[in-house]
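Chains as they are written, first to last, in this note's numbering: chain P, 139 to 492; chain Z, 139 to 492. Here's the structure we're looking at; comments come further down.
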């Protein structure tokens with residue numbers, strides 16, 4: 139099928155064209171770039187909601203319930219699952235999977251599990267791109283589900299407008315064991331399985347930590363476990379730098395839910411709406427989206443440089459020739475890289491293409 | 139302190155100099171590159187052993203026991219902990235932490251928790267660099283502990299010569315829920331807490347899966363959940379491509395351990411020794427280390443390109459000027475990236491420096 143035809147079908151809202159475009163974009167197949175470029179002007183309408191938390195916290199159940207509520211409200215929903223333990227991507231319980239398959243029969247819902255992409259221009263870049271495709275297709279809400287453990291998953295979560303962190307009592311000392319950045323990124327906390335022992339204590343622990351966090355100026359802790367807080371919340375950092383106290387400061391609510399009994403979903407939806415209103419009112423939405431666009435361009439630059447250098451077989455062959463000397467210790471990786479860039483900067487320029 | 143003095147102290151084996159050098163390298167502080175370059179010729183001696191598995195599997199306890207055994211054998215041990223749930227990095231049980239602090243008083247042991255680095259040239263690159271520093275300092279064994287969930291953690295595990303995957307019965311359907319790549323990367327499986335119910339079933343499940351895996355030619359499943367199997371085991375892929383059956387093919391053993399009772403550690407050590415002998419005999423060690431060096435050079439290239447472009451304030455300012463048009467949809471990220479590279483390829487060349 140020609141690219142024009144594919145895009146025409148995409149514009150006409152055909153699900154097969156959507157699936158095809160997502161695959162092309164996700165895997166950077168030939169022609170992905172003009173496709174993304176042609177969709178670019180139509181992005182920016184969907185609200186992007188991240189869900190993260192430890193494996194088994196019930197993220198997928200909550201995702202399924204949110205999908206249902208959004209559908210009931212007449213909204214179209216795209217789901218991007220980057221969680222290896224998610225039923226979307228093949229893990230977890232059969233029950234969940236069946237539940238999601240029902241949802242998947244609805245043409246107003248599109249579900250995509252992300253495979254992983256190489257480390258350069260990795261998972262976060264791929265997620266941003268697929269999210270842009272779904273946004274351009276006309277989905278009103280995008281749910282991006284990640285397991286909040288790895289660094290790349292944290293980067294993925296950071297591509298959302300609002301992030302839900304789902305915790306459960308049985309994670310035990312879970313808030314201690316979660317990577318610090320995971321706590322910092324959450325806009326809304328959900329204590330799921332709140333009917334189980336330990337739920338109150340978990341809520342208290344989270345609230346205590348949030349209280350501590352409120353009292354801590356970013357100026358004093360510019361990075362926490364390597365996570366740059368200023369970059370995570372540039373609006374707040376800017377206000378603090380200016381010595382302002384913003385009355386519309388967002389304090390993440392700590393909600394309770396029992397997702398398997400469908401309890402607590404209304405509260406979560408209300409919190410998401412309040413958070414989105416806050417994002418718009420405070421200018422944070424604009425800041426976050428600009429940051430996303432900035433990252434987007436930097437990703438594209440890195441990807442283009444990598445492609446232009448390494449898809450050239452002469453570069454690959456040249457590196458292979460150098461490797462024995464690098465292994466012997468006669469030459470350092472830095473010297474090889476310097477020489478490579480000195481001799482092959484023309485490739486980076488990409489003159490042939492433009 | 140001057141760089142010469144620091145390196146002289148490093149060469150003299152002073153722990154303070156080691157800690158300093160590791161910090162400089164990990165955070166890419168000024169002067170990291172000449173330091174790494176000067177150490178480069180001395181790397182390649184240490185055996186690099188990765189430990190991965192789900193949170194709570196007992197990786198840290200096994201790490202501590204391995205450290206003790208290596209020390210008893212007169213070997214010096216470096217530990218790099220990239221596991222957010224590890225006692226090294228602040229999670230897990232007090233008991234573990236106390237045990238590790240005892241180990242940490244031994245000057246023949248160096249423990250380092252990795253903070254996270256930005257997504258470009260991320261965690262795997264940082265781990266490789268810190269491992270090189272420890273290798274050059276003279277450590278005989280490097281233990282690299284990661285939690286086997288995220289993509290970046292998988293990339294980290296892939297920097298080791300041998301990888302232990304630690305599983306526990308209570309992870310339940312854990313082998314289903316683990317990211318596929320985690321299973322594929324393991325050279326030795328350890329079922330820890332083997333005195334608990336479900337251990338036999340878990341062992342059976344793993345062995346079943348390994349049997350299946352053995353029967354599956356890479357030719358038929360070039361990638362599995364986005365993980366490129368050929369790249370993970372290039373020696374095997376090459377043999378298969380040549381239609382050979384290598385009699386020294388490695389079949390990962392599935393071992394049992396009860397780490398808290400110190401049971402099973404000898405078996406693990408023996409398996410690691412056998413695996414290392416196999417790596418040497420089969421040429422896989424050479425292949426893996428060459429692959430590591432190849433990745434190392436590519437990381438350095440990507441990092442240098444990024445630094446040269448984005449540490450130039452004119453590039454940053456130029457991008458900021460373009461962002462409004464990108465946000466409006468008038469210009470695409472691709473067009474901006476193309477223009478940026480066309481106009482600024484000279485920066486990539488890095489002529490000023492050389």
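Backbone N, C-alpha and C fix where the C-beta goes; we use that ideal spot for every residue, glycine too. Keep in mind that this is a model prediction, so the values were computed, not measured.
DSSP places residue 275 of chain Z in the uninterrupted alpha helix (DSSP H) bounded by 261 to 275.
CA-CA distance, residue 244 of chain Z to residue 153 of chain Z, rounds to 11 Å.
Contact between residue 147 of chain Z and residue 155 of chain Z is confirmed by a C-beta separation of about 4 Å, below the 8 Å threshold.
Pairing residue 285 of chain P with residue 190 of chain P gives a Cβ-Cβ distance under 8 Å. DSSP places residue 219 of chain P in the strand class (E or B) of the three-state scheme.
Between the C-alpha atoms of residue 251 of chain Z and residue 220 of chain Z there is a straight-line separation of about 6 Å. In this structure, Z:321 is the residue among Z:321, Z:333, Z:331 with its C-alpha nearest to the C-alpha of residue 344 of chain Z. When the beta-carbon positions are compared, residue 486 of chain Z and residue 483 of chain P come within less than 8 Å of each other. Taking 9 Å as the cut-off between beta carbons, the residues of the stretch 426 to 445 of chain Z near chain P are 427, 428, 431, 432, 433, 434, 435, 436, 437, 438, 439, 440, 441, 442, 443, 444, in sequence order. Counting the other CB atoms within 10 Å of its CB gives residue 395 of chain P a total of 16 or more, which places it among the buried residues. Shown in chain order are the members of the stretch 456 to 471 of chain P whose Cβ falls below 7 Å from a Cβ of chain Z: 457, 461, 464, 465, 467, 470, 471. Taking 8 Å as the threshold, the shortest C-beta distance from residue 480 of chain Z to chain P falls below it.
It is roughly 52 Å from the alpha-carbon of residue 173 of chain P to the alpha-carbon of residue 145 of chain Z. Residues of the stretch 173 to 187 of chain P with a C-beta atom less than 8 Å from some C-beta of chain Z are 174, 175, 178, 179, 180, 181, 182, listed in chain order. Interface residue (Cβ-Cβ distance to chain P less than 8 Å): residue 488 of chain Z is classified as such. Cβ-Cβ distances below 6 Å link residue 141 of chain P to 169 in the same chain, with the five nearest sequence neighbours on each side left out; the list follows chain order.
Contact check for residue 294 of chain P and residue 261 of chain P: beta-carbon distance about 6 Å, within the 8 Å limit, so the pair qualifies. Looking at the DSSP output, residue 322 of chain P sits in no beta bridge, so it has no partner there.
Setting aside the 5 residues that flank it on each side, residue 404 of chain Z has no residue in the same chain whose C-beta is closer than 6 Å to its C-beta. Nearest in C-alpha terms to residue 149 of chain P, of all of P:447, P:274, P:456, P:427, is P:274. In summary, the residues of the stretch 148 to 177 of chain Z whose CB is separated from some CB of chain P by less than 8 Å are 171, 174, 175, in the order they occur in the chain. Per DSSP, residue 145 of chain Z has no beta bridge partner at all. Apart from the 5 residues on each side of it in sequence, residue 407 of chain Z sits with its Cβ closer than 8 Å to the Cβ of 204, 207 in its chain, given in chain order. If you compare the alpha carbons of P:337, P:211, P:186, P:466 with that of residue 195 of chain P, the shortest gap goes to P:337.
Annotation for residue 420 of chain P: the continuous alpha helix (DSSP H) segment containing it runs 403 to 420.
At a cut-off of 8 Å, the C-beta of residue 404 of chain Z has no neighbouring C-beta in chain P. Bounds of the alpha helix (DSSP H) holding residue 479 of chain P are 471 to 487.
Between the stretch 261 to 271 of chain Z and the stretch 172 to 186 of chain Z there are three or more C-beta pairs closer than 8 Å, enough to call the two in contact. With contacts defined as CB atoms closer than 8 Å, residue 201 of chain Z and residue 283 of chain Z qualify as a contacting pair. By DSSP's assignment, residue 336 of chain P forms no beta bridge with any residue.
At a cut-off of 8 Å between beta-carbon atoms, residue 475 of chain P makes contact with chain Z. Apart from sequence neighbours up to five positions away, the residues of its chain that approach residue 392 of chain P with a beta-carbon distance below 6 Å are 327, 341, 344, 345, ordered along the chain. The C-beta distance from residue 472 of chain P to residue 438 of chain Z rounds to 6 Å, short enough to meet the 8 Å contact threshold. For residue 281 of chain Z, the enclosing beta strand (DSSP E) stretches over residues 279 to 283.
Take residue 279 of chain Z, set aside five residues on each side of it, and the residues of its chain with a beta-carbon closer than 7 Å to its own are 184, 185, 187, 208, 213, 215, in chain order.
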